[in-house]
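The numbering of the sequence shown is full-length UniProt numbering, which starts it at 1 and goes up by one.
Beta carbons are placed, not taken as given, at the ideal position from N, Cα and C, and that holds for glycine.
Scroll down for the structure; my scribbles are underneath it.
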Amino acid sequence: MGYSLRCCSASPTLSWAASSRGCIKSMGLWQAPVGSSLNTYYYYPSIVSTSSNSISTNAGSHAPGTDVRLVSLLGLRHDVLRTVLQLNGCASGCAALRLAKDLAENNRGARVLVACVELTVTAFRALDEADSFDTLIPQGLFGDGAGAVIVGADPDVHERPLFEMVSASQYVIPDTEHMLAVQLGSGGIDGTIATGLPRLAAGIVERCLLDAFGNHLAVVGGVVEWNNLFWAVHPGSSAMLDHIVGALHLAPGKLDASRTVLREYGNMLGATVIFVLDEVRRQREDPEGERAAADEDWGVMMGFGPGFTVETMLLHAAT
1 MGYSLRCCSA SPTLSWAASS RGCIKSMGLW QAPVGSSLNT YYYYPSIVST
51 SSNSISTNAG SHAPGTDVRL VSLLGLRHDV LRTVLQLNGC ASGCAALRLA
101 KDLAENNRGA RVLVACVELT VTAFRALDEA DSFDTLIPQG LFGDGAGAVI
151 VGADPDVHER PLFEMVSASQ YVIPDTEHML AVQLGSGGID GTIATGLPRL
201 AAGIVERCLL DAFGNHLAVV GGVVEWNNLF WAVHPGSSAM LDHIVGALHL
251 APGKLDASRT VLREYGNMLG ATVIFVLDEV RRQREDPEGE RAAADEDWGV
301 MMGFGPGFTV ETMLLHAAT
């Protein structure tokens with residue numbers, strides 16, 4: 001497995017670079033090469049790089065890390081600010097977006113590139129006698145993926161914002177450390193997922209939502225009707241989505257974006273929520289789509305990670 005860790009070290013960097021370039025190109029923000037554009041168009045560029053599976057393995061085992069190599073591959077300025085999140089599990093995508101929100105709001109003119117990439121090869125290994133059934137779940141559930149978004153405040157006329165991140169919260173459920181765990185060992189990345197995790201998440205989801213809304217409850221009428229929102233929930237599993245639907249009494253189809261991503265790509269840990277946000281965007285822009293009503297201006301993004309940690313964010317559609 002030591003050889004696998006070494007041979008995979010370049011793959012996350014290339015995936016990061018490809019997804020980042022694709023994000024930049026799709027936004028139509030730059031006409032010049034990426035490096036020169038970031039130097040001129042952005043006043044205070046920063047990078048938030050998140051990874052919770054193979055990238056965190058490579059970043060933790062190699063110095064300089066993948067974030068430094070990404071700067072060279074994208075031709076970014078050498079004074080770009082970098083932050084790496086490691087082993088945050090399925091919550092890492094939401095955590096990186098929350099951090100990017102804080103950076104953008106507190107640094108005038110900042111544009112933050114959030115790049116998430118997951119490769120599962122370093123988590124694949126043979127079982128031994130000490131392993132339980134829970135050890136099999138991560139090996140069968142997770143897939144590979146990479147995604148990137150750009151976060152900023154005070155958009156100018158050349159930018160086309162999709163969603164406003166209004167407020168965010170993070171909640172750790174006490175005495176649940178054993179329910180979801182990720183470790184880096186001599187055999188690579190290892191993790192355990194308890195079978196009771198969907199029920200645990202369903203029992204706390206409404207409290208986390210109300211914490212995230214906070215003082216913003218007034219802007220959505222004071223009393224939240226969950227079915228009046230659009231939803232970008234990390235699809236940890238189909239059981240997780242089913243339990244959330246039941247706990248919040250959501251109408252059929254409310255989590256269609258999450259289910260579509262899970263069905264077509266699987267659970268890609270931190271990168272998954274970016275895929276879900278893109279699917280929400282696609283459904284909202286589909287003129288023939290019936291699942292995203294035009295009056296659903298407010299929405300929710302959620303992710304779940306080790307701890308057991310729940311990341312929640314209140315969103316507002318910019319378009």
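Residue from the options whose Cα sits closest to the Cα of residue i
i	options	result
F308	V71, V68, G89, R82	G89
R263	E159, R199, F142, P198	F142
T176	L70, I193, Q86	I193
A271	V149, L229, F163	V149
M302	Y171, S72, G65, D79	Y171
C208	R284, S167, L119	S167
T83	V68, S72, R199, A181	V68
F163	G253, P64, L97	L97
L119	R108, L87, N107	L87
D190	D79, S72, V121, E296	V121
G203	L248, L74, L70, V157	L248
Nonlocal neighbours in the same chain, by C-beta distance under 7 Å from residue i, ignoring five residues either side
i	result
F304	C90, A91, A201, H234, G236, V310
M165	L97, K101, M313, L315
R281	L162
E296	N228, L229, F230
G246	A202
According to DSSP, residues forming a beta bridge with residue i
i	result
W231	V300
V166	None, per the DSSP bridge assignment.
G140	None; G140 has no bridge partner.
L180	I193
V172	T309
Beta-carbon contacts of residue i that lie in its chain and below 6 Å, excluding the five residues immediately before and after
i	result
P161	P155, A318
G299	L229, F230, L315
N215	none
P33	Below a pLDDT of 50, predicted positions are generally treated as unreliable, and P33, at 37, falls in that range; the measurement from the model is reported next regardless. There are no such residues.
T50	Any reading at T50 needs caution, since the residue's pLDDT is 37, under 50, leaving its predicted position unreliable; the model's value is listed next. Contacts found: L85, S92, A96, C116, G270.
S169	D211, A212, T312
7 Å Cβ cutoff met for residue i and residue j
i	j	result
G145	Y265	yes
A95	L85	yes
L241	L255	yes
A232	L277	yes
V117	P306	no
V273	I244	no
E279	A257	yes
Close beta carbons around residue i, own chain, < 8 Å, minus the five adjacent residues each side
i	result
F275	G145, G147, V261, Y265, M268
V224	L209, L210, F213, L217
A239	P198
residue 352	Not covered by the structure: residue 352. The range shown for the chain is 1 to 319.
R259	P235, S238, L241
- Any chance you could list the beta strand (DSSP E) runs of at least 3 consecutive residues sitting entirely within the stretch 249-319, in chain order? You should have 298-305, 309-317.
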